[in-house]
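In what follows, a structure is listed as structure tokens, so that the remarks can point back to it.
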Amino acid sequence: YSNNGTGTHLASALKGAARYLLANVDANGFVSGLDDGTRLALQKTPRNVIIFETDGSPDEIFTNASSDSAAPLSLSNSDDIGSTDDSRACSNFAKVAANAKAAGITIITIGFGGANTSKCGDQYVRNVLAGAASTQASVTGSGSANTDCDAENSDDDLYYCAKSTLDLSSVFTAAMGQLTGGTKFMAIDGFGD
20 YSNNGTGTHL
30 ASALKGAARY
40 LLANVDANGF
50 VSGLDDGTRL
60 ALQKTPRNVI
70 IFETDGSPDE
80 IFTNASSDSA
90 APLSLSNSDD
100 IGSTDDSRAC
110 SNFAKVAANA
120 KAAGITIITI
130 GFGGANTSKC
140 GDQYVRNVLA
150 GAASTQASVT
160 GSGSANTDCD
170 AENSDDDLYY
180 CAKSTLDLSS
190 VFTAAMGQLT
200 GGTKFMAIDG
210 FGD
């Protein structure tokens, strides 16, 4: 917050991702312009998925969503969402997640660093992230957080936690493996090691 003045807006970021996905998915479930024909050739219907990652609690500067029925929480408009009340900010995030899941979007949430220990109001951010996540059995399901990341990353919801940034690779592998049955990362020339 002190570095750039925009804070950490959980609900707005999730809403933006959901709106982008919903606006760009065609009748066959494909994101326009991203399909090279491979998925079509495999005869598989793609899953609409958002992977939401955060390292802390909301520190929001926008203040335009003060109730669960506030218009900015709807996916039908481009309004930013925010609340300087941390408890309301997490409630707004949960409401946007419920709206996205109701629209058929699978939500994977990943918390690392401060997200595992920070609170928003009287609840831990990890619990809010877990509740926003889909479950393996249901797009609209809600997960629950475990205080131990190793146990959390092997349960039946799509909430994952990393103790540090060093654990993110294995967390992403576990998360993507739940969607695809297995994951292989590839090196791209010119990026990373």
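Taking the working numbering, the leading residue of the sequence shown gets 20, the next gets one more, and so forth.
C-beta atoms are modelled at their ideal positions from N, C-alpha and C, and glycine is treated no differently.
The model shown is predicted, which means the values in this text are computed figures rather than measured ones.
task: Within 10 angstroms of the Cβ of residue 185, are there 16 or more other Cβ atoms? Answer buried if so, exposed if not.
output: Numbered from its first residue, the sequence shown carries residue 185 at position 166. So residue 185 counts as exposed.
- prompt: Considering only residues of the same chain and omitting the five flanking positions on each side of residue 21, which have a CB-CB separation below 6 Å?
  reply: Start at 1 with the first residue of the sequence shown, and residue 21 comes out as number 2. With a pLDDT of only 43 at residue 21, under 50, the local geometry of the prediction cannot be trusted, and the value read off the model is given with reservation. Excluding residues within five positions, none has a Cβ falling inside 6 Å.
message: Closest to residue 104 by C-alpha separation, out of 141, 91, 74, would be which residue?
response: Taking the first residue of the sequence shown as position 1, residue 104 is located at position 85. Checking every option, the nearest Cα to that of residue 104 belongs to 141.
query: Between residue 172 and the rest of its own chain, which residues show a CB-CB distance below 6 Å, the 5 nearest in sequence each way excluded?
result: For the purposes of this step, residue 172 is taken as the residue at position 153 of the sequence shown. For residue 172, where only same-chain residues beyond five positions count, the Cβ hits under 6 Å are 179, 193.
- prompt: Given that a residue counts as buried once 16 or more other Cβ atoms are within 10 Å of its Cβ, and exposed if not, what is residue 208?
  reply: Within the sequence shown, the letter at position 189 stands for residue 208. Exposed, because fewer than 16 other Cβ atoms sit within 10 Å of the Cβ of residue 208.
Contact between the region 95-112 and the region 153-164 (3+ Cβ pairs under 8 Å): no
message: For the alpha helix (DSSP H) containing residue 115, name the first residue and the last one.
response: Here residue 115 refers to the residue found at position 96 of the sequence shown. Unbroken alpha helix (DSSP H) run through residue 115: 105-121.
query: Helix or strand or just coil, what does DSSP make of residue 78?
result: Sequence index remark: in the sequence shown, residue 78 carries index 59 (1-based). DSSP places residue 78 in strand when its eight states are reduced to three.
query: How big is the Cα-Cα spacing for residue 43 and residue 66?
result: As a working note, residue 43 is residue 24 in the sequence shown. As a working note, residue 66 is residue 47 in the sequence shown. For residue 43 and residue 66, the distance between alpha carbons rounds to 13 Å.
field: residue 27 (DSSP reduced to helix, strand or coil)
entry: For this step, residue 27 is matched to residue 8 along the sequence shown. Strand.
message: Do residue 132 and residue 144 count as a contact pair if the criterion is CB distance below 8 Å?
response: For the purposes of this step, residue 144 is taken as the residue at position 125 of the sequence shown. For the purposes of this step, residue 132 is taken as the residue at position 113 of the sequence shown. No, the pair does not count as a contact, with Cβ atoms beyond the cut-off.
field: Option in 94, 84, 107 with minimal Cα separation from residue 122
entry: Your numbering for residue 122 matches position 103 in the sequence shown. Residue 122 has its Cα closest to that of 94, out of 94, 84, 107.
message: Using a Cβ-Cβ cutoff of less than 7 Å, which residues in the same chain neighbour residue 120 once the five nearest sequence positions on both sides are dropped?
response: Residue 120 sits at position 101 when you count from the first residue of the sequence shown. The residues are 126, 153, 158, 159.
- prompt: Run through DSSP, which three-state label would residue 20 get?
  reply: As a first step, residue 20 is located in the sequence shown; it is residue number 1 there, counting from the start. With a pLDDT of 35 at residue 20, under the threshold of 50, the modelled position of this residue cannot be trusted; read the value that follows with caution. In the structure shown, residue 20 sits in coil (DSSP, three-state: anything other than H, G, I, E or B).
message: For residue 179, list the residues DSSP reports as bridge partners.
response: Here residue 179 is taken as the residue at index 160 of the sequence shown, counted from 1. Paired residues: 129.
- prompt: Could you give the residue range of the beta strand (DSSP E) that holds residue 68?
  reply: In the sequence shown, the residue the question calls residue 68 occupies position 49. Counting along the chain, the beta strand (DSSP E) containing residue 68 begins and ends at 68-73.
message: Could you check whether residue 149 and residue 137 sit closer than 8 Å to each other, using their CB atoms as the reference points?
response: Residue 137 sits at position 118 when you count from the first residue of the sequence shown. Residue 149 sits at position 130 when you count from the first residue of the sequence shown. The answer is no: Cβ separation not under 8 Å.
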